[in-house]
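Have a look at the structure below, then the notes.
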Amino acid sequence: MSTKVTVVKNVLDANDRLAADNRKLFAEKKIFVVNLMSSPGAGKTTLLERTIQELRGTWKIGVIEGDIQDTYDADRIAALDIPVVQINTGGACHIDSNMVREALPGLNIDNMDLLFVENVGNLVCPAEFDIGEQMKIMILSTPEGADKPAKYPLMFQSSTALIINKTDLLPYVNFDLEKAKRDALILNPKLLIFEVSCKTGAGLEVWTRWLNEQIRVFSGR
Amino acid sequence: MHELSLVQSLLEMVDELSLERGFQRVNVLRLSFGRLACVDPLSLQFAFDVESPGTRAEGSKLVFDILPGALYCFSCEGEQKMTSHELRCPVCSGTQVILTGGTEELKLMEMEVD
Ligand SMILES: Nc1nc2c(ncn2[C@@H]2O[C@H](COP(=O)(O)OP(=O)(O)OP(=O)(O)O)[C@@H](O)[C@H]2O)c(=O)[nH]1
Ligand SMILES: [Mg+2]
Ligand SMILES: [Zn+2]
Numbered sequence: 222m223s224t225k226v227t228v229v230k231n232v233l234d235a236n237d238r239l240a241a242d243n244r245k246l247f248a249e250k251k252i253f254v255v256n257l258m259s260s261p262g263a264g265k266t267t268l269l270e271r272t273i274q275e276l277r278g279t280w281k282i283g284v285i286e287g288d289i290q291d292t293y294d295a296d297r298i299a300a301l302d303i304p305v306v307q308i309n310t311g312g313a314c315h316i317d318s319n320m321v322r323e324a325l326p327g328l329n330i331d332n333m334d335l336l337f338v339e340n341v342g343n344l345v346c347p348a349e350f351d352i353g354e355q356m357k358i359m360i361l362s363t364p365e366g367a368d369k370p371a372k373y374p375l376m377f378q379s380s381t382a383l384i385i386n387k388t389d390l391l392p393y394v395n396f397d398l399e400k401a402k403r404d405a406l407i408l409n410p411k412l413l414i415f416e417v418s419c420k421t422g423a424g425l426e427v428w429t430r431w432l433n434e435q436i437r438v439f440s441g442r
Numbered sequence: 882m883h884e885l886s887l888v889q890s891l892l893e894m895v896d897e898l899s900l901e902r903g904f905q906r907v908n909v910l911r912l913s914f915g916r917l918a919c920v921d922p923l924s925l926q927f928a929f930d931v932e933s934p935g936t937r938a939e940g941s942k943l944v945f946d947i948l949p950g951a952l953y954c955f956s957c958e959g960e961q962k963m964t965s966h967e968l969r970c971p972v973c974s975g976t977q978v979i980l981t982g983g984t985e986e987l988k989l990m991e992m993e994v995d
């Protein structure tokens with residue numbers, strides 16, 4: 222005779238618990254952690270390079286790079302003389318809270334104000350995995366098309382801010398900016414939207430000023 | 882793709898629960914998630930078939946409760962079930978809407994055990 226057992230528990234409960242530990246550690250150390258997510262090639266590493274140049278005079282910055290294989294992105298960050306750890310996700314399509322925890326000894330977290338985690342390029346899976354970040358930020362680039370919010374709602378729903386990148390390409394690609402913004406706000410009415418071009422630099426100042434303010438409030442400095 | 886991680890977490894959870902509640906075998910696992918949560922039942926079943934042999938959940942049946950996408954429409958002043966991925970009201974086609982359901986994450990709701 223089979224017995225029924227009621228459970229009602231998130232399957233990612235173990236990840237969520239570890240993420241809560243990470244979050245506590247980051248709060249103690251006063252490190253503002255940004256989980257940066259997008260499709261492959263939307264401009265995560267380029268945005269990091271540009272943002273780091275703007276904020277490095279104010280905050281001590283570190284980076285965790287999640288890549289399925291190579292260290293190409295980590296090399297780009299290391300070239301800026303910024304501490305960086307490459308996470309090998311071993312084929313996984315996302316970073317989880319345990320991977321972040323294991324990457325921390327490779328960074329000097331006693332001497333850090335701002336930690337960027339560049340997630341694996343993927344619009345689906347990373348949104349499911351809390352890693353203990355202060356906020357999730359996602360990038361959508363104009364060549365990807367404006368139908369992405371409706372097709373991949375979870376990431377838009379869980380992000381604090383959406384960066385629409387590659388606005389310099391708007392004259393050449395068929396991207397309905399108003400529809401993308403409208404759909405994104407239907408999914409998440411609190412979502413902040415920045416329109417930028419990491420190539421021309423358009424809109425980057427508004428973004429970095431906003432981020433700087435968030436870190437200032439968080440760290441109380 | 883993340884279905885593999887989800888299944889691994891699910892199997893660990895079953896293992897912990899078997900110690901807590903003292904059962905040997907699982908016959909049925911009832912899972913729920915939102916239709917827009919990017920969880921694919923076929924991939925989930927496939928990952929389960931690959932990962933479950935040798936665990937307490939081996940041979941267990943997976944039952945999925947898939948929660949529908951839902952929108953609140955400000956023109957109709959009511960909640961509407963989504964019939965497609967389009968973010969507009971299925972009744973009046975209005976775009977003054979907010980998403981109210983469908984992205985619920987994967988949960989283990991209930992098990993039948995021996
Ligand atoms: N035209 C244009 N190209 C850009 C812009 N931002 C980035 N790119 C280019 O887009 C390509 C991909 O940029 P990356 O920053 O490597 O993208 P990523 O999201 O880090 O990619 P993965 O880590 O592989 O997922 C590069 O060739 C960049 O030079 C932009 O604003 N405009
Ligand atoms: Mg990159
Ligand atoms: Zn309506």
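Protein chains in written order, with the working numbering: chain A, 222 to 442; chain B, 882 to 995. C-beta: ideal position from N, C-alpha, C; glycine also.
For a Cβ distance threshold of 9 Å, residue set Leu-344, Val-345, Cys-346, Ala-348, Glu-349, Tyr-373, Pro-374, Leu-375 and Met-376 of chain A lies close to Cys-919(B), ordered along the chain. Between ligand 2 and the CB of Asp-294(A), the shortest heavy atom gap is smaller than 7 Å. Annotation for Ser-956(B) indicates a beta carbon within 7 Å of some heavy atom of ligand 3. Ligand 3 has a heavy atom closer than 7 Å to the beta-carbon of Gln-961(B).
Contact annotation for Ile-407(A) against chain B: Leu-968, Val-978, Ile-979 and Leu-980 [CB-CB distance below 7 Å, chain order]. Under a 10 Å Cβ-count criterion, Trp-431(A) is classified as exposed, with fewer than 16 other Cβ atoms of the shown protein chains found around its own Cβ. Under the Cβ criterion (8 Å, minimum of three pairs), the region 965-976 of chain B does not count as touching the region 886-903 of chain B.
Not one heavy atom of ligand 1 lies closer than 7 Å to the C-beta of Asp-242(A). By a beta-carbon distance limit of 8 Å, Leu-980(B) contacts Ile-407(A). Their separation comes to about 6 Å.
Within chain B, the residues Ile-979 have their CB atoms less than 8 Å from the CB of Pro-410(A), given in chain order. A direct Cα-to-Cα measurement between Val-888(B) and Glu-416(A) gives close to 38 Å. Annotation: Glu-286(A) to Val-255(A) spans about 12 Å, alpha carbon to alpha carbon. When the Cα atoms are used, Val-226(A) and Ala-324(A) turn out to be separated by approximately 38 Å. If you draw a straight line from the Cα of Lys-357(A) to the Cα of Ser-933(B), it comes to about 33 Å. Burial state of Leu-361(A) is buried, judged by a 10 Å Cβ sphere holding 16 or more other Cβ atoms.
Here Ile-303(A) has Ile-273, Arg-277, Ile-282, Gly-283 and Val-284 as same chain residues with Cβ atoms under 8 Å from its own Cβ, once five neighbours each way along the sequence are excluded. In the structure shown, Glu-967(B) adopts coil according to DSSP, grouped into three states.
Under the 8 Å Cβ criterion, the region 421-439 of chain A does not count as touching the region 391-402 of chain A, having fewer than three qualifying pairs.
Residues of chain B whose Cβ lies closer than 8 Å to the Cβ of Lys-230(A) are, in chain order, Met-894, Lys-988 and Leu-989. DSSP, read as helix, strand or coil, puts Thr-227(A) in strand. With fewer than three CB-CB distances shorter than 8 Å, the region 379-395 of chain A does not count as touching the region 954-969 of chain B. Residues of chain B with a Cβ closer than 7 Å to the Cβ of Lys-225(A) are, in chain order, Glu-991 and Glu-993. A direct Cα-Cα distance of roughly 10 Å separates Pro-922(B) from Ala-928(B). Chain order is used for the residues whose beta-carbon lies nearer than 6 Å to a heavy atom of ligand 1, namely Ser-259(A), Pro-261(A), Gly-262(A), Ala-263(A), Gly-264(A), Lys-265(A), Thr-266(A), Thr-267(A), Asp-294(A), Gly-342(A), Asn-386(A), Lys-387(A), Asp-389(A), Leu-390(A), Ser-418(A), Cys-419(A) and Lys-420(A). Excluding five sequence positions before and after Asn-231(A), the CB atoms of its chain that fall closer than 8 Å to its own CB belong to Asp-237, given in chain order. Leu-989(B) is positioned such that its CB atom lies no closer than 8 Å to that of Val-920(B). Around the Cβ of Pro-370(A), a 10 Å sphere holds 16 or more other Cβ atoms; the residue is buried. When the five nearest sequence neighbours on each side are left out, the beta carbons in the same chain lying within less than 7 Å of the beta carbon of Glu-939(B) are those of Ser-933, in order along the chain.
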